[in-house]
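First the structure, in the form of structure tokens, and then the observations on it.
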Amino acid sequence: MPGTIHYIMLVILIPLFAWLCWREWKRTKKKRLLGRLLATLLIFISFILLLFPPQQKAGKNGTSRQAIIVTEGTDKDSLAHLLQSLPENSKAYTHWQYQYEQPAAIDTLHIIGYGLPLEDWRSLRTTNIQWHEPAVPAGIQAVDWKRLLRLGDVLTVFGHYRNHLNQPVILKLTWEALVQDSLLIPPNTDTVFQLQAGTYYAGTNLYQVETQTDHTTTSIEPIPVYVMPAEKLRILLLANAPGFETNFLVNWLAKEGYPLAVSNQISQAKWSKSFINMEPIPLEQIGVAQLEKFDLLIMDPLSFSTRNAGFQAAVKKQVEQGALGVLFQTDSSVGNPSWYNRRIRLSPPVSKQGLRFRTISNHAGARPLLTDSTGTRSALLRAGRGYIVFNTRLNSFSWQLEGKTPEYQRFWKQLLEAAAPPIAVPDTQALGYFPVAGESTRFAQPADSAAWLSTAGWQKGGWYVFNPNDWKTARAMQTIEQSRDYVQQRRGLKSDERPTGAAIQVTEPIQPWLILLLFFLPAIFLWVEKKLD
Amino acid sequence: MKGAVLIQNLQRRWQREQQLTLLAVGWGVGLLLAVITKLVWGWQDFRLLIPVFFCLVPAILWAQRKKTGTEEVTARLDQSFPSLEDSSSLLLAASQPTSLLQHLQIEKVEQAMAGIQPPQPYSKNLFITCCAAGLAACLLATVPAKQTALQQAADSQVSTANTTKPPIPLQMAAATIRIQPPAYTRLPTIEQKQFAVQTVQGAELQWTLQTNKPVQKMQLLFNDSTVLPLRAVDSTHTRWAASKKIDKSGFYRLDTDALPSDFYTIDVKPDLPPVVNISSPEGQTSIEAGMPFRVMIQSQLRDDYGLASAQLVATIASGSGEAVTFRNERIDISSLVRGKEYIQWNRVLDLNQWQLKGGDELYFYLEATDERKQTARSDISIVHLPDTTELLSMDGMLTAMDIKPEFFRSQRQIIIETEQLIRDKKTLSTEAYNAKSNELGGEQKLLRLRYGKFLGEEDETNIGGHHDHEENEAHNDAADFGNAAKVLSEVSHQHDVAEDATFFDAETKKQLKATLTEMWNAELKLRIYQPEQALPYEYKALRLLKDLQQQSRVFVGKTGVKTTPLDPAKRGTGDQDKIMAPRFSFKQNKVTTPEQDIARALVNLQDIAHGGRGDLGDLQKAAALLSTAAGKKPASLLPKYKAMLRVMDAVGRKARVNKEDIRQTANGLGSLLDPAPGLPAPVLSAPTTPAAKEYLQQLTGLSN
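Pasting the structure below:
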């Protein structure tokens, strides 16, 4: 494709040509003037042709031969039918055979089956290519799930199923042959499905999706998931007065094994310090060194604003680096406007069922995290690379008293996870989702790398290589989609037009030596002519 | 020349045949040794020995081989064919210069050689040895390997997964298990040959076993670690017997002098306690004044094997305040329920038999027992008898607000007059009676209307509705032309909108409406000259009014009380030197939970499945947990436990582990786990690329 540079060169060439012609004209000896001008013109034309080479039909012109590339998903009958319809000398190859043998003078290339990956399509050098699209296979057309989860997360497998039978199909998600979730797909339907399962232990887990028709299992496909062990957040709690909320939270976190440091102000200059599941550290002067031992800081914003500048600076640094998260518990004030409470304002006190509380009103710049019928109760702010959460719901302990421990757990899970700095995990995801043993697979990291995978199963680094028999239908659909995309690109059609069996013309630029010949001959003529003169 | 060539060819051929014969002999011997190993030791890996035999034995024989030389060839030829005239060796010397005689002889011998058929002394041997080696190979392939007892047990248990008939353990000539369920279940006694037992709770099992040879000791080992020794029935020590009463599910195995047997399940169907349910009366009921003192009880009792006894237990509470007294009464209905699996018991309970009076409360429930002495009881039902004297008293009302007592007195008055009327029924004439009743009805109506005023209904001053539209007609505007609301208001009466009444809140209005309903009903009964039937309604109305009045007197503690804020300047100004700042340090003990043990075992199994070693210690801990669970659910988990034992055995012997066993074990262990709870943990995110870091730095001016 001609780029900007080509046009710049063209702009330079035209005055150059004009100047050369003028020089020739201006020569005192007018002998062979026409020849000289013609030679200059030919040289100029050769430069233009070098910049914008003309295209010729790819492949050799000669006897019109046709060949067939047989790809996966080819139906024997269709292949036989196609072979019959083509001339006698047509041969069928696999893609590898074709690449290896490079048969000469192929005029039209027929591709039968699901097609080829995009790179392989682009490498075909034939004048005409025709793809005979097969019938779309039935089964799981597309599927996806999160390959990396934390212990305690829920695995969600979702995809698209085409049921072409007159019977319903049951999809089951199993773990160690124990059914976790199942779904009935009605006959003759095309539906989106979603199955869920819990995570049981950390490490490599192999779930399976079973397809059952009429009480017989027709396919079992693997769902490999790497479950990371649950990390316990290290929390520093600074309270300016003892309270039920703090007490209940500390008791619950301690029971679940979280490392906690709690400093409770019990009097004018007296603090009660507790160190749970961690070594005691001095909390009188809290600086960066102390804050590095924690992932999360929970305190009141008003008392934060009255702390010394050293502490505030240390917290600001850690939060902006993304090493610390802050959870501000407040029901009265957010402190003076500063870096940690930009544009967060609390509403006037609301009275409901005998309780007085406040909600977060103006949260431009902050994302509402938890809302209820009264308004926004928690909001999330970004500060540099870290997060700050404001929470005005200070009576969650009443859920514990009512025995609603799951609700209490969910509430605190949302708040603490929103504020805590995330863990970075490397992206070892293979592009195209299905790294298969015996095939070359491309990866996202390092960029555009590819690897040839020999053994199936779990690999070092916690990712999984599938057998060639796994997820056949889904992979076939991917190939079909790539083939359709290529055909559409070549035809220059709009995105919603999808031709089938389209013939494509492949062109290539003409040989450069022709153009160079066109340059050299006039140049030699001019040089010789000059010498003769 | 041709002769020499022939002799050399023969020599080569015979040499080859001899060598091949040696090889065949060697292989044959090797194969035979392998057959013996397979039969005697049953070594799974005997196959490793074959290359040893194949290489070693032929190598030894090869080293001992003899080479056939040309001399032997010529000697044999001379021996076999007199026409050669003992001169075949001359042919070999044909290339060297010879005398004329030798030449002549050579020609003659060559001519003779052309016509002979050379002997093949070694072909037969080769053929025989090859056949023998082939036979040995066939023998090796077909002869069965000797199996260990565990493998045998493993093979035998494969069938138990699908069928209900597990095989009889080894060395057992005959075995009989007699299952005798408890008598009250009325189930028949079963005799079976299979060791896996399915029965009911409390059944008696009797084992009678006969071995094919005398055994010193025999005992049954159960999963709860109990051991039941069998006693020899006769002196030959071939017949053994034992009995045991079975109360819970589990599994057991037979232990004899020889290797222990396979596991057998005991599946016990538990005897559930009876289920008792009182469908009527529900929960709390009260008998109104004027209603008879009777309670209709409807109940259902059921048990899986029949009830033994049942009774109705009642407690009566009399008196009020500090003078409350309790007494218990019972009605025994065992004779009705004995032996029945389901009975519906209905009874009209006459409360007069227990001398109940107004103000008393009756609490009762049904209790049933089954043959296994398991009792169950229904929920407690409460019947409350009203205290009319208390209802009619004026306590607590004299200090009430002015607007209410007037109505109460009226309602009280109506009740008193109705009761008087009922008492005077005999003395009055019918007309007088009816007239008085009607008059009382009228008074009830007035009372109702007065009360209904609060709900916006019609009141006594404007019976039939209030039409007060005069002032409204003057406000007709040209602008209101087409105003739908105005048009509607012209033609409709905007009365009877209870929602407009704003004196009371929703609760009170609901109770007022209920009171009015009762008053309506009382008035109805009075108007049709049935004051006895009106009395309960009047009492109920009075009770509701009283409740209403006293409701506003209930004091409820207010939550979220805001006290006066403390003065921070005065806080904490006392002498705090002697107060110690508390310090608290706590470390949770790193104790592994059963879930963690199971998780570790599952990780080990994955490792083993991919050819790793596995950790036997971890597997043993998980095996103990699986064993306990299998004891409770033997039908489903016992095969998985057995699979786990096989896996552990293979790991211990460093042998290859069966993939199906690993799958079964993982399935069994997985069924013991629950999904992990979602505790707060850092979220996973993609790593920040250097470009993003740079962008943020530039944007916020942060230092790195």
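Those protein sequence lines, which keep their order, are chains G and L. For the first sequence, position 100 (counting from the first letter as 1) is numbered 1032 according to the numbering used here, and the numbering increases by one without interruption. For the second sequence, position 312 (counting from the first letter as 1) is numbered 656 according to the numbering used here, and the numbering increases by one without interruption. Built from N, CA and C at the ideal position, the CB exists for glycine as well.
Have a look at the options and flag the residue whose alpha-carbon is nearest the alpha-carbon of residue i.
i                 : options                                    : result
Thr917 (chain L)  : G:Lys1202, G:Arg1299, G:Tyr1030, G:Val1321 : G:Lys1202
Ser1022 (chain G) : G:Tyr1032, G:Lys1008, G:Ile1038            : G:Ile1038
Leu879 (chain L)  : L:Ala994, L:Lys1003, L:Arg756              : L:Arg756
Ala585 (chain L)  : L:Leu421, L:Trp551, L:Ala477, L:Phe566     : L:Trp551
Gln464 (chain L)  : L:Ala477, L:Leu549, L:Arg360, L:Leu376     : L:Arg360
Arg1309 (chain G) : G:Phe1289, G:Lys1336, G:Asp1146, G:Met941  : G:Phe1289
Pro618 (chain L)  : L:Val947, L:Ile590, L:Asp648, L:Gly634     : L:Asp648
Pro898 (chain G)  : L:Met640, L:Gln408, L:Pro1026, L:Leu989    : Absent from the model: residue 898 (chain G). The displayed extent of chain G is 933 to 1465, so no value can be given.
Arg1079 (chain G) : L:Ala1030, L:Ile660, L:Leu1040             : L:Ala1030
Ile1320 (chain G) : G:Trp1384, G:Thr1262, G:Val1357, G:Ile975  : G:Thr1262
Taking its Cβ as the centre, do 16 or more other Cβ atoms sit within 10 Å of residue i, making it buried, or is it exposed?
i                 : result
Asp812 (chain L)  : In this prediction, Asp812 (chain L) scores a pLDDT of 48, lower than 50, which makes its location untrustworthy; no coordinate-derived value is stated.
Gln1443 (chain G) : exposed
Ser503 (chain L)  : Reliability fails at Ser503 (chain L), whose pLDDT of 43 lies under 50, so the model's placement of it is uncertain and no value is given.
Arg716 (chain L)  : buried
Leu791 (chain L)  : buried
His1042 (chain G) : buried
Glu814 (chain L)  : Residue placement at Glu814 (chain L) is poorly supported in this model, since its pLDDT is 44, which falls under 50; the coordinates still yield a value, given next. Looking at its Cβ environment, which holds fewer than 16 other Cβ atoms inside 10 Å, Glu814 (chain L) is exposed.
Asp1304 (chain G) : exposed
Thr365 (chain L)  : buried
Lys589 (chain L)  : exposed
Tyr939 (chain G)  : exposed
Please compile the residues from chain L whose C-beta is within a distance smaller than 8 Å of the C-beta of residue i.
i                 : result
Leu1110 (chain G) : Asn1011, Gly1014, Ser1015
Asn1209 (chain G) : Phe930, Lys931, Gln932
Thr1131 (chain G) : Pro1019, Ala1020
Asp1009 (chain G) : In chain order: nothing, as chain L lies at least about 38 Å away.
What do you reckon, are the CB atoms on residue i and residue j nearer than 8 Å?
i                 : j                 : result
Val1002 (chain G) : Leu1015 (chain G) : no
Leu1228 (chain G) : Ile1167 (chain G) : yes
Ala1193 (chain G) : Phe1176 (chain G) : no
Trp1063 (chain G) : Val1419 (chain G) : yes
Val1220 (chain G) : Ala1246 (chain G) : yes
Gly370 (chain L)  : Ala476 (chain L)  : no
Phe1451 (chain G) : Ser978 (chain G)  : yes
Asp1122 (chain G) : Arg1094 (chain G) : yes
Pro978 (chain L)  : Ser593 (chain L)  : yes
On the DSSP bridge assignment, give the partners of residue i in chain order.
i                 : result
His1092 (chain G) : G:Ala1074, G:Val1124
Val487 (chain L)  : Partner(s): none; Val487 (chain L) has no beta bridge.
Met941 (chain G)  : According to DSSP, which records beta bridges pairwise, Met941 (chain G) is partnered with nothing at all.
Ser1029 (chain L) : G:Ala1356
Trp1203 (chain G) : G:Gln1197
Tyr709 (chain L)  : L:Val657
Asp599 (chain L)  : L:Gln563
Asp621 (chain L)  : Contrary to the premise, residue 621 (chain L) reads as Asn rather than Asp in this sequence. According to DSSP, Asn621 (chain L) bridges with L:Gln644.
Report the neighbours of residue i on chain L: residues whose CB is nearer than 9 Å to its CB, in chain order.
i                 : result
Ser1204 (chain G) : Ala925, Pro926, Arg927, Phe928
Ile1044 (chain G) : Going along chain L, no residue has its Cβ under 9 Å from Ile1044 (chain G), so there is no contact; the nearest lies around 38 Å.
Ile1355 (chain G) : Ala1025, Pro1026, Val1027, Leu1028, Ser1029
Glu1334 (chain G) : Those within 9 Å of Glu1334 (chain G) in chain L number zero; the least Cβ separation is about 15 Å.
Just to make sure I have the definition right: I need the residues of chain G whose C-beta is within less than 7 Å of the C-beta of residue i. Which are they?
i                 : result
His728 (chain L)  : Within chain G, no residue comes near His728 (chain L); the closest Cβ sits about 31 Å away, beyond 7 Å.
Leu910 (chain L)  : Those within 7 Å of Leu910 (chain L) in chain G number zero; the least Cβ separation is about 11 Å.
Pro1024 (chain L) : Leu1165, Trp1344, Lys1345, Leu1348, Glu1349
Counting only Cβ pairs nearer than 7 Å, list the residues of chain L close to residue i.
i                 : result
Arg1422 (chain G) : The contacting residues do not exist; Arg1422 (chain G) stays about 34 Å from chain L at best.
Ser1264 (chain G) : What Ser1264 (chain G) touches in chain L: nothing, since even the nearest Cβ is about 11 Å away.
Using a cut-off of 9 Å between C-beta atoms, extract the partners of residue i located in chain G.
i                : result
Ala943 (chain L) : Tyr1132, Tyr1133, Ala1134, Gly1135
Val947 (chain L) : Tyr1133, Ala1134, Gly1135, Thr1136
Contact criterion: CB-CB distance below 8 Å. Does residue i meet it with respect to chain C?
i                 : result
Ser1328 (chain G) : No chain C appears in the structure shown, which is made up of the protein chains G and L.
Should residue i be listed as close to the ligand SAH, given that the test is whether its C-beta is under 7 Å from any heavy atom?
i                 : result
Ala1070 (chain G) : For the ligand SAH, the structure offers nothing, since it holds no ligand at all.
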